[in-house]
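Keeping their order, the protein sequence lines are chains A and B.
Residue 452 is where the first sequence ends in the working numbering, and the numbering goes up by one at each step.
Residue 192 is where the second sequence ends in the working numbering, and the numbering goes up by one at each step.
A virtual CB, placed ideally from N, CA and C, is assigned to each residue, including glycine.
All remarks here apply to the structure that follows.
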Amino acid sequence: MLASDIAQRVNGGEITAQAVVRTALDRITRQDKQLNCFTHVLTDSALAAAAVIDQKLAQGKSVGPLAGVPFAVKNLFDIAGTVTLAGSKINRDNSAATLDATAVTRLKAAGAVLVGALNMDEYAYGFVTVNHHYGTTPNPHDPTRISGGSSGGSAAAVAAGLVPLTLGSDTNGSIRVPASLCGVYGLKPTYGRLSRAGVYLFSSSLDHVGPFARSVPDLALAFASLQGPDSRDPICTDRAPASPNLSGDITGLRIAIAGEHFARGMTPTAAKALERVAKALNATSTVTLPETARARAAAYVITASEGSQLHLSRLQTRLQDFDPATRDRFVAGALIPSSWYLQAQRFRRWYRDQVRQIFNTVDLVLAPTTPCSAPLREQTTMELEGESVLIRPHLGVYTQPLSFIGLPVLSVPVQLPGELPMGVQLIARPYHENIIFQAAAVLEQSGITGC
Amino acid sequence: MPKRNKPLQPAQIEAYVRQTTQLLDLPIPPEQMADVVENFEQVHTIAQQVLEFPLPDDLEVAPRFEP
Chain A
2 MLASDIAQRV NGGEITAQAV VRTALDRITR QDKQLNCFTH VLTDSALAAA AVIDQKLAQG
62 KSVGPLAGVP FAVKNLFDIA GTVTLAGSKI NRDNSAATLD ATAVTRLKAA GAVLVGALNM
122 DEYAYGFVTV NHHYGTTPNP HDPTRISGGS SGGSAAAVAA GLVPLTLGSD TNGSIRVPAS
182 LCGVYGLKPT YGRLSRAGVY LFSSSLDHVG PFARSVPDLA LAFASLQGPD SRDPICTDRA
242 PASPNLSGDI TGLRIAIAGE HFARGMTPTA AKALERVAKA LNATSTVTLP ETARARAAAY
302 VITASEGSQL HLSRLQTRLQ DFDPATRDRF VAGALIPSSW YLQAQRFRRW YRDQVRQIFN
362 TVDLVLAPTT PCSAPLREQT TMELEGESVL IRPHLGVYTQ PLSFIGLPVL SVPVQLPGEL
422 PMGVQLIARP YHENIIFQAA AVLEQSGITG C
Chain B
126 MPKRNKPLQP AQIEAYVRQT TQLLDLPIPP EQMADVVENF EQVHTIAQQV LEFPLPDDLE
186 VAPRFEP
């Protein structure tokens, strides 16, 4: 059941929050051994929270737009009373969080019920959710394939129907890549739009949080509930919240397809998915974001440098407790000279200025989310345009340059007949998530996208 | 126009990795050194694209620090 249906029925007294949450917990118990989405299930606190919601409703009190909706979060969000693992073994030694992350608090305040924490790549450094300590989260559409990452547990839990709503984080594509491979909606809002307070950071200059859902209205409900200023996060905006417009009217919107970098190196399935979305939105012109390959390189340098600096003390003292998949990359990042890092940060501003100009001529830009559908778990390379490329780093080829400058992006799921799901990115100028929702509503209502 | 760094030999990369890990008090077991060197070679290659791009002196980063 969709989050919006649950909330409507709970608020309308047709079903209790306790029944909804119990059903979700049963589903998780039955299915998660195979799906390996959850690293922690909060059975007792979830049932207690659901009972409180039912009690409030019985007393005629308002509960919120997400009444009784079970949700789960990537295990780098603080959950009061639980240790925030961030996909690591090392963090098991930390004390339990004393406060919920702001995003968790806000969804709870809207009536949603937290049922657990979800698997991820260690310290969010990966696009695969193949975790040495907590196992692989397979793709719910085909367990021989990866779910993508680093928020793989968050995307797969929604795709498998374990919960209708989850939260993840995105530094270089970690919401959008798994959303694409698992066939769900994944929103990376504008940098600074949503509070990251109580979220275990990876690379602060580039870290975002955002929701996954199975429908555009569900995503809009979550996004509306998550917004608002927060003094606990120094980059969280004080701007007025966006109110998603789901009218299905895109009259007057200037929509273009991203060319050059975003038009190269994809499979025919990715190209077909993009074409389908572009046709539905009457997008025929292309725009070029200049120096995008360089933007991707700069994002790489900043991520490696900031991520490694954050973990330096642990690299010095507990190197062998890192996941072998992240360990050597973190060490290499710690050795980056400051001049490389600062040049990348200065280039970030240059690139942002160029892209701002492009958004004077268009309102929405379309690009593939990933160059291919979900690869096999053991697959390391793929053939693209006659060349063999390493799959894992290549999964972020279209996402990384966009998060680099904090643009709001929604990955929408396209299901072509006989194919695995494939995401397409809807990209707007900063703080214009509304435009993205307008277009996403059209795509969903016309059956072009969906789970 | 910034100058593109000359390609480094693997031995030069390894020497940098050994010295800098010492400077950072970051001991690397011998059996892991080759993987770290390989990873740093990748970073070095990727960073060249950024380093060779000319930027004006008055272009500063956009920090968000508010006192």
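6 Å Cβ shell around residue i - same chain, five flanking residues per side excluded
i, result
"A:Asn95", "Val84"
"A:Ala87", "Leu77, Tyr124, Tyr201"
"A:Ser63", "none"
"A:Asn12", "Ala68"
"A:Ala47", "Val22, Val114, Val116"
"A:Ala457", "In this structure chain A extends from 2 to 452, so residue 457 of chain A is not present and cannot be described."
"A:Asp33", "Phe39"
"A:Ser412", "Arg177, Ala180, Ser181, Gly187, Thr370, Gly424, Gln426"
"A:Gly127", "Gly150, Ser151"
"A:Tyr399", "Phe263, Ala368, Pro369"
Same chain only: Cβ atoms within 7 Å of residue i, ignoring 5 sequence neighbours per side
i, result
"A:Gln401", "Asn173, Gly174, Arg297, Ala300"
"A:Pro218", "Ser5, Leu247"
"B:Gln174", "none"
"A:Ala18", "Val11, Ala51, Ile54, Asp55, Ala68, Gly69, Val114"
Coarse secondary structure for residue i, derived from DSSP in three states
i, result
"A:Ser340", "helix"
"B:Asp150", "coil"
"A:Asn120", "coil"
"A:Pro414", "strand"
"A:Phe39", "strand"
"A:Lys62", "coil"
"A:Val398", "coil"
"A:His209", "strand"
"A:Pro144", "strand"
"A:Gly112", "coil"
"A:Asn246", "coil"
"A:Ala81", "coil"
"A:Met383", "strand"
"A:Phe72", "strand"
"A:Gly127", "coil"
"A:Glu388", "strand"
"A:Leu367", "strand"
"A:Tyr201", "coil"
"A:Gly308", "helix"
Residue burial classification, residue i (beta-carbon count within 10 angstroms, cutoff 16)
i, result
"A:Asn361", "exposed"
"A:Ser447", "exposed"
"A:Arg107", "buried"
"B:Leu184", "exposed"
"A:Asp45", "exposed"
"A:Ala73", "buried"
"A:Glu434", "buried"
"A:Gly187", "buried"
"A:Val53", "exposed"
"B:Glu156", "exposed"
"A:Ser248", "exposed"
"A:Lys189", "buried"
"B:Leu176", "buried"
"A:Leu403", "buried"
"A:Arg330", "buried"
Presumed contact (8 Å Cβ cut-off) between residue i and residue j, rounded CB distance
i, j, result
"A:Tyr432", "A:Arg194", "7 Å"
"A:Pro291", "A:Gln355", "5 Å"
"A:Thr289", "A:Gly260", "5 Å"
"A:Phe213", "A:Gly169", "6 Å"
"A:Pro372", "A:Thr268", "6 Å"
"A:Asp324", "A:His134", "6 Å"
"A:Ala81", "A:Thr99", "6 Å"
"A:Leu67", "A:Leu222", "6 Å"
"A:Gly149", "A:Ala375", "7 Å"
"A:Pro422", "A:His142", "6 Å"
"A:Leu367", "A:Ile258", "5 Å"
Listed by chain order, chain A residues near residue i by CB distance under 7 Å
i, result
"B:Arg189", "Pro235, Ile236"
"B:Phe133", "In the sequence as presented, Phe is not what sits at residue 133 of chain B; that position holds Leu. Within 7 Å Cβ-Cβ: nothing; B:Leu133 doesn't reach chain A, min ~13 Å."
Closer than 8 Å at the beta carbon, the chain B residues around residue i
i, result
"A:Gly229", "Ordered by position in chain B, no residue passes the 8 Å Cβ test against A:Gly229, which lies about 18 Å from the chain."
"A:Leu408", "Per Cβ cutoff of 8 Å: no residues; A:Leu408 is ~14 Å from chain B at best."
"A:Leu313", "Leu149, Leu151"
"A:Leu77", "None at all; the shortest Cβ gap to chain B is about 21 Å."
8 Å Cβ cut-off: residues of chain A touching residue i
i, result
"B:Glu185", "Arg347, Arg350"
Proximal chain B residues relative to residue i, where beta-carbon distance stays under 7 Å
i, result
"A:Arg295", "Gln174, Val175, Phe178"
"A:Asp329", "Gln157, Asp160, Val161, Asn164"
"A:Leu396", "The contacting residues do not exist; A:Leu396 stays about 16 Å from chain B at best."
"A:Ala521", "Only positions 2 to 452 of chain A appear in this structure, which leaves residue 521 of chain A out of reach."
"A:Tyr301", "Ile171"
"A:Ala305", "Val168"
Residues near residue i by beta carbon distance below 8 Å, same chain, minus five either side
i, result
"A:Arg378", "Val131, Thr137, Pro139, Thr145, Arg146, Ile147"
Contacts that residue i makes with chain B (C-beta to C-beta distance below 9 Å)
i, result
"A:Gly65", "The premise fails here: A:Gly65 is roughly 31 Å from chain B at the closest Cβ pair, so nothing lies under 9 Å."
"A:Leu316", "Leu149, Leu151"
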